[in-house]
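Read the structure below first, then the notes.
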Amino acid sequence: MRRLRSTLAATAVAAAALLVGAPTVAAAPAAPAAPAAPAAPAAPAAPDTVDMGDVFGPFVLDTFRDGRIAPPEQWRPRHPVTDPWFQAPPVADLAPGTLLKARPATVQVYGVQPAHVRGYQLMYVTTDFDGSRVVSTGILMIPEDGTAPQDRKLIGYSEANDSLGPGCMPSAQWTGTDQDDPSLFSALGPVAQMFGNGWAVMMSDTANDGDPAPNGFSIGQFSGAATLDGLRAAIALPEAEFERDVPIGIYGIAGGGVAAGFAAEKQASYAPELDVVGTVLQAMVIDSATFERKADGGIGAGFVFANSLGYAARYPEIDLDRELTPLGKQVADLFNRTCQQTYLLMPFMPLSALYTHGRPADNPAFARAYAENRMGQQAPKAPVLITSCRDDFLVPYSDVENLIAAYRAGGTDVTVEPSHCGVTDVLTDPYRVGTEMLGMQNVDWFVGKFEETTR
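Going left to right, the sequence shown walks through residues -27 to -1, 1 to 428 as mature numbering (1 follows the signal peptide of the UniProt record, and there is no 0) numbers them.
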């Protein structure tokens, strides 16, 4: 049995490496040699790409080797909507970040239960965009690698998750539900790197994942607060043994970049006690209005429509019954009950086929909601790394440049290292494009920031 587990673990590692591509090496024509003057030895160049050996390091390989295949009765865990644990108590009078309940959770991904990783599902209080108290859930994962509590670091990880339906968020994904969601796959590499460094990872659901109502995932004012309060709740969990001033990094890509960005912007005023050393942002929607105008009718049309539905889920002045066409109502009903994989089934669908008055950005109710949740309204206190791609076909890079300028004008230390996603990049170095699309090149930046931290 142990040999079978090891074989399956090795197969999983190989499959993961193949899925992100393989390095492309082209031999250049030899040029005539010319005499060269003696030179001092050059400093070693920084690696251009992520080495898979750094991702699947000794600790991560041990989690496979010592883990197990989930027994058949655990292949389909209970859905959060039918799980009584997700029933929320009244929270109107409780402080944001209050830990309401927690339970141990077995981490399970693609039928594998890795060893040496403790998991906890958390329910906690957070703040909605209108200032009211609401509930969010999330999952905390801690590598059991021998790191002492006083040396532990904590990452607030915001997945590339744009799901409107219940049972689609990290606390479900990382315990065996919604296993075909691309946001789960996209997080595997960075999370493996983080575990290899001994860092704990807190993922907020930015919703109560057992609530059947649609999730307002696109509302950054809410998701940013939920991210920060998830970190507060993780620190409050006695079993986690975090120091109160544990160094924290915030990481967000795509849909998660909105939550991470607003968390960074709000942290100094909303959660000043958190010791945030830096934030990584990549491929996030900065302004929903410009996102709509660029991506409407394109290959990501399903995500454009879902983004608008996320606002409608929480802004009561947005009347979908009046705004949607008959087709729009049918698609919205489907999207609101399912996870984001469904959006992939609707490429190239223009918003004019779904909304009676064209693009939501031209509707006053939507326009106000979009403006309230545009990134760049506050400058983060901690340093920020922005790695969005210049050739992104969904998000205008001019929005990224405007965000960088706004942050720097507010005093934020911003590092800009654009990722590679252009056609030439894909053809010449698919391995690099694959790892950078997943944000794996960003993790080492936190290593430096944590090293700079003095306790």
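Glycine residues also receive a C-beta, built at the ideal position from the N, C-alpha and C atoms.
If you're wondering where the values come from, they're calculated on a predicted model, not measured in any experiment.
- The DSSP-derived three-state label of ASP248 is strand.
- Judged by DSSP secondary structure, GLY193 falls outside any beta strand (DSSP E) and instead within the alpha helix (DSSP H) spanning 193 to 209.
- The DSSP-derived three-state label of ARG363 is coil.
- Annotation for VAL253: TYR224, LEU358, ASN415 place their beta carbon closer than 6 Å to its own, counting only its chain and skipping 5 residues before and after.
- In chain order, GLU238 place their CB closer than 6 Å to the CB of GLN351, counting only its own chain and leaving out the 5 sequence neighbours on each side.
- In the three-state reduction of the DSSP assignment, LYS354 falls in the coil class.
- Nearest in C-alpha terms to ILE226, of all of ALA340, TYR380, THR360, THR263, is THR360.
- In the DSSP secondary-structure assignment, ARG91 is bridged to ILE115.
- The way I'd put it, the segment 210 to 222 doesn't touch the segment 364 to 384; fewer than three beta-carbon pairs between them come closer than 8 Å.
- The alpha-carbon separation between VAL54 and GLY111 amounts to approximately 15 Å.
- Looking at the DSSP output, LYS74 shares a beta bridge with MET96.
- In summary, PHE321 is exposed, with fewer than 16 beta-carbon neighbours lying within 10 Å of its beta-carbon over all protein chains present.
- CA-CA distance, PRO63 to SER177, rounds to 20 Å.
- The DSSP-derived three-state label of TYR288 is coil.
- Using a 10 angstroms sphere on the CB of PHE366, the tally of other CB atoms stays under 16, which defines it as exposed.
- The beta carbon of ASP184 sits closer than 7 Å to those of PRO139, all from its chain and outside the five residues before and after it, given in chain order.
- For GLY230, the enclosing alpha helix (DSSP H) starts and ends at 228 to 243.
- Annotated three-state conformation of MET142 is coil, per DSSP.
- Fewer than three pairs of CB atoms, one per stretch, sit closer than 8 Å, so the segment 384 to 401 makes no contact with the segment 265 to 279.
- Taking each of GLN194, ALA285, ASP269, GLY149 in turn and checking the Cα distance to GLU345, the smallest one comes out for GLN194.
- Taking 8 Å as the cut-off, the beta carbon of ALA279 is found closer than this to the beta carbon of TYR316.
- Sixteen is the threshold: when 16 or more other Cβ atoms of the shown chains lie within 10 Å of the Cβ of ARG332, as they do, the residue is buried.
- TYR97 sits away from SER105, with the two beta carbons spaced by 8 Å or more.
- Residue state for THR148 is assigned as strand, using DSSP reduced to three classes.
- Taking a contact as a CB-CB distance under 8 Å, the pair PRO50 and THR150 counts as one, their CB atoms being some 5 Å apart.
- Residues ALA352 of the same chain have their beta carbon placed closer than 6 Å to that of GLY383, with the five preceding and five following residues left out of the count.
- Residues CYS312, GLN313 of the same chain have their beta carbon placed closer than 6 Å to that of SER136, with the five preceding and five following residues left out of the count.
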